[in-house]
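Participant: Next up is a structure, given as structure tokens.
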Amino acid sequence: MYVVAFVLTTAPARILKNSCWRTDDIPVPCSQHIINCTADIADNASPDFTWRRVPLEDHPAENIFRAFAPACAIIAAAREAGGATLVHCRKGMSRSATIALAFCVSHERMTLLEALRRLRAQRPSVSPNAGFMAQLLDLEHGVHGCTTVDLIKVRRALVWTCCFKCLCRRCH
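Each residue of the sequence shown is one higher than the last, beginning at 1 in full-length UniProt numbering.
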């Protein structure tokens with residue numbers, strides 16, 4: 001089984017580009033902590049890593065907000081100890097990307113738009129599902145008091161555009 005992952009290391013977070021590994025062949029120097037954001041991909045039993053499971057389905061109705069605090073705490077603790085954290089799901093587009101974005105917003109104090117641009121610079125296919133984006137917008141509003149991303153449905157795809165006023169559901 002191959003997984004696509006984001007490796008968050010150092011402060012400010014450095015995100016490695018297009019990382020794809022077999023689950024039993026993740027390079028040890030790359031990360032000491034691994035967050036598995038799937039409900040169905042088994043953790044590797046290797047003693048070289050500390051595995052944490054955050055079982056999430058890639059579905060708009062999934063409550064990923066509940067995973068933000070524990071996952072971000074794992075990443076922050078690993079960084080404070082001088083380590084890195086690999087966050088993975090199946091395709092590296094939605095679940096793991098959402099956790100990486102949540103970390104950038106909540107711990108790096110980036111706007112969601114900045115975090116999206118940064119993640120997409122490393123992996124252009126980053127595309128959290130609509131439900132995850134709504135929860136990221138709620139997180140951003142809680143951290144910054146406003147939102148910087150507008151969700152517009154265009155031909156059944158999500159397009160992110162910059163906005164300079166608060167667009168959250170709470171304010172409108």
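Ideal placement from N, C-alpha and C gives every residue a C-beta, glycine not left out. Treat the numbers as computed from the prediction; the structure is a model and nothing was measured.
Nearest by alpha-carbon distance to residue 64: which of 84, 86 and 39 is it?
Facilitator: 39
Participant: Could you check which residue in 147, 59, 151 and 71 has the C-alpha nearest to that of residue 88?
Facilitator: 71
Participant: Based on the DSSP secondary-structure assignment, which residues constitute the bridge partners of residue 53?
Facilitator: 36
Participant: For the alpha helix (DSSP H) containing residue 141, list its first residue and its last residue.
Facilitator: 130 to 144
Participant: Where residue 35 and residue 114 are concerned, what is the direct C-alpha to C-alpha distance, given to the nearest angstrom?
Facilitator: 23 angstroms
Participant: Quick check on DSSP: helix, strand or coil for residue 85?
Facilitator: Strand.
Participant: Less than 9 angstroms between the C-beta atoms of residue 122 and residue 78, yes or no?
Facilitator: no
Participant: Since residue 106 is in the alpha helix (DSSP H), which residue starts that stretch and which ends it?
Facilitator: 95 to 106
Participant: With a CB to CB cut of under 7 angstroms and the five nearest residues on each side skipped, what residues in its chain are close to residue 62?
Facilitator: Cβ neighbours of residue 62 beyond the five flanking positions: 56 and 131.
Participant: Grab the span of the alpha helix (DSSP H) containing residue 67 for me, first residue to last.
Facilitator: First-last of the alpha helix (DSSP H) with residue 67: 65 to 80.
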